[in-house]
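Right, one structure below, let's go through it.
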Amino acid sequence: MQYAQIVLPLNLKGSFTYKVPEELMSDIKTGMRVLVPFGGKKIYTGIVFELHDNAPENFSAKEVISILDDQPILPEEQIDFWNWLSDYYLCKLGEIYRFAFPSSLKLESETYLKLKPNTTVDFENLDVNEMYLIQALEVRQLINLTDIEAFIPKKDIIKTINSLIDLQYIEIDEKIAEKYKAKEVAYVKINDEVLGNQNLTEILVRLNRSSKQKDLFLAILEKQTEHPEVPIRKAELFEDGYFGSSHFKGLAGKGLVEEYLMQKDRIESYEGEIEELEELTEQQKEAKNEIDEAFEEGKNVLLHGVTSSGKTHIYLEKIDECIQEGKNVLFLLPEISLTKQITQRLEKKYGRQLGFYHQKLTDFERVEVWRRIKHNDIKILIGTRNAMFLPYRNLGLIVVDEEHDSAYRPREASPNFNAKDAALVLGNMYGAGVILGSATPSVESYYNARKDKIKYVFLNERFGNVNLPEYELINFKEAQESKKVSGNFSLHLIDEIKKTLDEKNQAIVLHNRRGYANVIECESCGYVNYCSNCDVVMTYHKAANEMKCHYCGQRASKPRSCPKCQSEKLNERGVGVEQIHEEVSKLFPDHVVDRMDVDSMCKKFAYEKLYEKIEDGETDIVVGTQMISKGLDFDHIELVTIPKADSLLYVQDFRAEERAYQLITQVSGRAGRVSGKGRILIQTYNPDHSVFQLIKMNNPAKIYKYILTERQKFHYPPFTKLIMIELKHRKEDKVNRASQFLGSILRKYLPEECVLGPERAPIARLNNLYQFQIMLKLPRGKKYDEFKKMVLLSLNEFDEITAYQSIKKDVLVDF
330 MQYAQIVLPL NLKGSFTYKV PEELMSDIKT GMRVLVPFGG KKIYTGIVFE
380 LHDNAPENFS AKEVISILDD QPILPEEQID FWNWLSDYYL CKLGEIYRFA
430 FPSSLKLESE TYLKLKPNTT VDFENLDVNE MYLIQALEVR QLINLTDIEA
480 FIPKKDIIKT INSLIDLQYI EIDEKIAEKY KAKEVAYVKI NDEVLGNQNL
530 TEILVRLNRS SKQKDLFLAI LEKQTEHPEV PIRKAELFED GYFGSSHFKG
580 LAGKGLVEEY LMQKDRIESY EGEIEELEEL TEQQKEAKNE IDEAFEEGKN
630 VLLHGVTSSG KTHIYLEKID ECIQEGKNVL FLLPEISLTK QITQRLEKKY
680 GRQLGFYHQK LTDFERVEVW RRIKHNDIKI LIGTRNAMFL PYRNLGLIVV
730 DEEHDSAYRP REASPNFNAK DAALVLGNMY GAGVILGSAT PSVESYYNAR
780 KDKIKYVFLN ERFGNVNLPE YELINFKEAQ ESKKVSGNFS LHLIDEIKKT
830 LDEKNQAIVL HNRRGYANVI ECESCGYVNY CSNCDVVMTY HKAANEMKCH
880 YCGQRASKPR SCPKCQSEKL NERGVGVEQI HEEVSKLFPD HVVDRMDVDS
930 MCKKFAYEKL YEKIEDGETD IVVGTQMISK GLDFDHIELV TIPKADSLLY
980 VQDFRAEERA YQLITQVSGR AGRVSGKGRI LIQTYNPDHS VFQLIKMNNP
1030 AKIYKYILTE RQKFHYPPFT KLIMIELKHR KEDKVNRASQ FLGSILRKYL
1080 PEECVLGPER APIARLNNLY QFQIMLKLPR GKKYDEFKKM VLLSLNEFDE
1130 ITAYQSIKKD VLVDF
């Protein structure tokens, strides 16, 4: 007897054992999708992860109902990758399945059944439920599980279906069960018989009564004659409004033209000119040679290149080599929408060989990309973290651009994993080389490179010998004391912006805080608007004239008076990017000042429109959050200003200094990319702060040394490994008790100094869930592996407590 370990798209641990029916044994393979029963009546699409002969000891395994694929949809490398993710990040295989697969590839209880064709049913040998189902199918042809509940008891549904499938009376209707449907587009052509008719004059005479039918016929004939290899899309005939569908129907009724359907990708591919690669500079050639040597030695690479050093050119060279060798490339980006220039470059070079995969695609679009990858139609895939799970056949190169970006590890993501680190493992499983690229690598990546775990390649020159930007620190405290300020800007900073604009150049103003004011406070009683769902103050957004919670999304009107004491003396406290934008607009009323943040860019094509305005010189100043540090490469941006730089440092996070350095350096890289005259003005109350002083020196090695020294002193990564366990529940006392209990279990297995907490999370209530945290600070190396087993043992022991099974538990490894 054969058994299969099946992974289901449910938030449950591990895989489930099913019996493989004899008639399926010769066809079933690992990586295939199968339909299986689960629970009382549910049917799910599972993935076969393992086939074996070991019967379960404590229960009788249910049978696999049906195989959905002719060939495995998931290659062995992906199965190994899923298992590694589950083991390393302590996440469930079902979580990974739900994240990895488009929903259209996961059939569930809406699966339809039908009678097998040419079947004669022997009703005498059927029980009552089986007869009911057969009779229902004779009347309705197709029926799903939800409908079956109306006439068969829930507990008997799966048994009845399995019995009738075994008797070969019914089968799964896969065409309807499969949610994905290919997109079909209407095309037109002249009828073949008409084309063979030499006397077209007679046909045209017949059309004289309808001049538009005649014109339409001639238009189709001309297109078809001049470019017989190019199909004529029906919709394009009606685009200018001259012809209507009635004119086409008239021609079709006369037998002169016909309509036909063709499948078409939902994702339009680039069909413009293909751009040749630029020749590498000497330094870029040296860097590429180092990468080649590293790959030959089986080592991955950290490509650390200052902003505008030409990392992309090296990527393109390596991609080109990989394609020439007949292999595929995965190009990972933190966010698709903010990387227009690099995607345009790749589109121009590789045209239809290029594909995209990210969360903004519709589910059907994702299925189309999935299938094109499976059939090897896409050679290069640009995508976000979910693009790692596609069924690559021959992956030869993975590029992780902007590897430091936090979007590779979203805090609330499920499953929670770091795509940058996972890419190194995925590359190893496929035998593909991996390049991590950044102007500001993460401290962990830099440390690993310096420890020779991966190859370190450094580009310290800008492309074209352009100078790096110069930094200037402005002491805002001194400016205030000497009354040389206007609002949030020193007069010196204002003068520098004015000078830049007078020279017909553009400027950037960075302020990484959304909204207009952090809080609206009553001057009389001190009341502030808290979110009703979260323990956070709501932010005032002046553009929308409303209060917003940036965590749960709740909105409320701006109060006209204090809800507590009815006073109308309400003050706006704190400064958001909207306020900075308003201030800059007033300081420079004769110039165009635009804003780039999540709120202003939420409309469709808003980012693209602003991008074009900047590129065309129609915008003079761009005020924005961290969005402006990503993917902007323009000729005339010469000045970057950061009026409230201190806000980047004073964050409750041990990575605050690292992230401040990364953001300042990244946004600084937008300036002087062509002229080499870029200037960065950092306005601060504390110009002597080590981070600001080290940034000013333009020496990455020194700032990494400073941060690593601080991390080692206080036992933070990369010198230790951190695991954060978050417990959440609607009842505060219950989650408090649960966290204390889990803490006691962990202390039973781990040294006392390794377990910190439990304690309330920095935001104690989020989305009406109270949150408690336990931080585990564990040593690296072999001890970590031992301690991690103890962590897993503790979590399993906690999960066995019935009273705490309603507690939501998130485990963040290497957070």
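For the sequence shown, our numbering begins at 330 and goes up steadily by one.
Here a beta-carbon is modelled for each residue, glycine too, at the ideal position from N, C-alpha and C.
Just so we're clear, the structure is a prediction, and the values are computed from it rather than from any experiment.
Open item on the list: Given this structure, state the Cα-to-Cα distance separating Asn723 from Lys656, to the nearest angstrom.
Closed with: Taking the sequence shown and counting its residues from 1, the one referred to as residue 723 is at position 394. Taking the sequence shown and counting its residues from 1, the one referred to as residue 656 is at position 327. Answer to the nearest angstrom: the Cα atoms are 5 Å apart.
TODO: Give every residue of the same chain whose Cβ lies closer than 6 Å to the Cβ of Thr1027, excluding the five residues on either side of it in the sequence, and list them in chain order.
DONE: Locating residue 1027 in the sequence shown gives position 698, counting from the first residue. Sequence check: residue 1027 is Asn here, not Thr. Same-chain partners within the cutoff: Leu797.
Open item on the list: Within 8 Å, do at least three Cβ pairs link the segment 922-929 to the segment 943-953?
Closed with: yes
- [ ] Could you spell out the range, first to last residue, of the beta strand (DSSP E) harbouring Arg538?
- [x] Here residue 538 is taken as the residue at index 209 of the sequence shown, counted from 1. Careful: Arg538 lies outside any beta strand (DSSP E) and carries neither H nor E.
Task: First through last residue of the alpha helix (DSSP H) which encompasses Ala778 - done: The sequence position of residue 778 within the sequence shown is 449, counting from 1. Taken as a continuous stretch (DSSP letters only), the alpha helix (DSSP H) holding Ala778 covers 772-779.
Task: Leu977 and Arg1008 closer than 7 Å at C-beta - done: Within the sequence shown, residue 977 is the residue found at index 648, counting from 1. Within the sequence shown, residue 1008 is the residue found at index 679, counting from 1. Cβ distance not < 7 Å, so Leu977 and Arg1008 don't count as in contact.
- [ ] Could you spell out where the alpha helix (DSSP H) holding Gly712 opens and where it closes?
- [x] Taking the first residue of the sequence shown as 1, we reach residue 712 at position 383. From DSSP, Gly712 is part of no alpha helix (DSSP H) but of the beta strand (DSSP E) over 709-712.
Task: Contact check, Ala1074 vs Glu1126, beta carbons under 7 Å - done: Position 745 of the sequence shown holds residue 1074. Position 797 of the sequence shown holds residue 1126. As written in the sequence, residue 1074 is Ile, which differs from the Ala given in the question. In this structure, Glu1126 lies closer than 7 Å to Ile1074 by Cβ.
TODO: Please name the residue in Lys628, Arg427, Gln1069 whose C-alpha comes closest to that of Ala761.
DONE: Here residue 761 refers to the residue found at position 432 when the sequence shown is read from its first residue. Among Lys628, Arg427, Gln1069, the Cα nearest to that of Ala761 is on Lys628.
Task: Own chain residues within Cβ distance below 7 Å of Asn1097, not counting five before or after - done: The count along the sequence shown starts at 1 and reaches residue 1097 at position 768. Closer than 7 Å at Cβ, skipping near neighbours: Asn862, Arg1059.
Open item on the list: Determine whether the beta carbon atoms of Val349 and Phe378 lie at a separation below 7 Å.
Closed with: To locate residue 349, count along the sequence shown from 1; it is residue 20. To locate residue 378, count along the sequence shown from 1; it is residue 49. The answer is no: Cβ separation not under 7 Å.
Task: Straight-line gap, Asp325 to Ser735 (C-alpha atoms, nearest Å) - done: An answer regarding residue 325 cannot be provided, because it is not within the stretch 330 to 1144 covered by the chain.
TODO: Could you work out which residue in Asn1065, His821, Ser890 is closest to Cys854 when comparing CA atoms only?
DONE: Here residue 854 corresponds to residue number 525 of the sequence shown, with the count starting at 1. It is Ser890 whose Cα lies nearest to the Cα of Cys854.
Open item on the list: Judging by CA-CA distance, which residue of Gln464, Ala974, Gly1110 is the nearest neighbour of Tyr498?
Closed with: Counted from its first residue, the sequence shown places residue 498 at position 169. It is Gln464 whose Cα lies nearest to the Cα of Tyr498.
Open item on the list: Would Arg924 pass as an interface residue toward chain B - the criterion being a Cβ-Cβ separation below 7 Å?
Closed with: Reference to chain B is not applicable here, since this structure consists of a single protein chain.
TODO: Taking all protein chains shown into account, decide if Arg538 is buried (16 or more other Cβ within 10 angstroms of its Cβ) or exposed.
DONE: For the purposes of this step, residue 538 is taken as the residue at position 209 of the sequence shown. Exposed: under 16 other Cβ atoms inside 10 Å.
Task: Exposure of Glu588, with buried meaning 16 or more beta-carbon neighbours within 10 Å - done: Walking along the sequence shown from the start, residue 588 turns up at place 259. It counts as exposed.
- [ ] Rounded to whole angstroms, what's the CA-CA distance from Glu807 to Thr1013? Just pull it up for me.
- [x] Start at 1 with the first residue of the sequence shown, and residue 807 comes out as number 478. Start at 1 with the first residue of the sequence shown, and residue 1013 comes out as number 684. Glu807 and Thr1013: Cα-Cα distance of roughly 10 Å.
TODO: Drop a sphere of 10 angstroms on the beta-carbon of Thr530, count the other beta-carbons inside from all chains shown, and report buried for 16 or more, exposed for fewer.
DONE: The count along the sequence shown starts at 1 and reaches residue 530 at position 201. The residue in question, Thr530, is exposed, as its Cβ has fewer than 16 Cβ neighbours within 10 Å.
TODO: Take Ala515 and list the residues in its own chain whose beta-carbon comes closer than 8 Å to its own, dropping the five residues that flank it on each side.
DONE: Here residue 515 refers to the residue found at position 186 when the sequence shown is read from its first residue. Cβ within range, chain order: Arg562, Lys563, Ala564, Glu588, Tyr589, Leu590.
TODO: Thinking Ile826 and Ala836 are a contact (beta carbons under 8 Å), I'd like their distance in whole angstroms, please.
DONE: Stepping through the sequence shown from its first residue, residue 826 is reached at position 497. Stepping through the sequence shown from its first residue, residue 836 is reached at position 507. That belief holds up - the Cβ atoms of Ile826 and Ala836 are roughly 5 Å apart, short of 8 Å.
TODO: Let me know if Ile1136 comes out buried or exposed under the rule of 16 or more other beta-carbons within 10 Å of its beta-carbon.
DONE: In the sequence shown, the residue the question calls residue 1136 occupies position 807. So Ile1136 ends up on the buried side.
Task: Simplified DSSP state of Ser1123, which is helix, strand or coil - done: Start at 1 with the first residue of the sequence shown, and residue 1123 comes out as number 794. If DSSP states are grouped into helix, strand and coil, Ser1123 belongs with the helices.
TODO: Grab the span of the alpha helix (DSSP H) containing Phe1021 for me, first residue to last.
DONE: As a first step, residue 1021 must be located in the sequence shown, where it is residue number 692. Counting along the chain, the alpha helix (DSSP H) containing Phe1021 begins and ends at 1019-1025.
Task: Rounded straight-line distance, which links the Cα of Arg884 to that of Leu403 - done: Within the sequence shown, numbered from 1, the residue matching residue 403 stands at position 74. Within the sequence shown, numbered from 1, the residue matching residue 884 stands at position 555. The straight-line gap from Cα to Cα measures roughly 43 Å.
Task: Residue environment, Gln1041, which counts as buried when at least 16 other CB atoms sit within 10 Å - done: On the sequence shown, position 712 is the one that residue 1041 refers to. Burial call: exposed.
Open item on the list: Less than 7 Å between the beta carbons of Tyr644 and Val728, yes or no?
Closed with: Residue 644 sits at position 315 when you count from the first residue of the sequence shown. Residue 728 sits at position 399 when you count from the first residue of the sequence shown. Yes, these two residues count as a Cβ contact at 7 Å.
Open item on the list: With DSSP as the reference, identify every bridge partner of Pro1108, one or two as the case may be.
Closed with: Residue 1108 sits at position 779 when you count from the first residue of the sequence shown. Partner(s): Thr1049.
- [ ] Quick one: measure Cβ to Cβ for Leu631 and Lys443, integer angstroms, because I've assumed they're closer than 8 Å.
- [x] Looking up residue 631 in the sequence shown gives position 302. Looking up residue 443 in the sequence shown gives position 114. About 56 Å; that fails the 8 Å criterion.
Task: Ser886 to His870 span [Cα, whole Å] - done: Position 557 of the sequence shown holds residue 886. Position 541 of the sequence shown holds residue 870. So the two alpha carbons sit approximately 10 Å from each other.
Task: Given Val1120 as reference, the closest of Arg740, Met1104, Tyr936 once Cα atoms are compared - done: Your numbering for residue 1120 matches position 791 in the sequence shown. Out of Arg740, Met1104, Tyr936, Met1104 has the C-alpha closest to the C-alpha of Val1120.
Task: Integer-rounded CB distance, given that Asp398 should sit under 8 Å from Met361 - done: Within the sequence shown, residue 361 is the residue found at index 32, counting from 1. Within the sequence shown, residue 398 is the residue found at index 69, counting from 1. The pair is a contact, with the Cβ atoms about 5 Å apart (cut-off 8 Å).
Task: Cα-Cα separation, Lys1111 to Glu1055 - done: As a working mapping, residue 1111 is identified with position 782 in the sequence shown. As a working mapping, residue 1055 is identified with position 726 in the sequence shown. Their Cα atoms are separated by approximately 25 Å.
TODO: Please say whether Leu493 and Glu453 have beta carbons closer to each other than 7 Å?
DONE: As a first step, residue 453 must be located in the sequence shown, where it is residue number 124. As a first step, residue 493 must be located in the sequence shown, where it is residue number 164. Not closer than 7 Å, so no.
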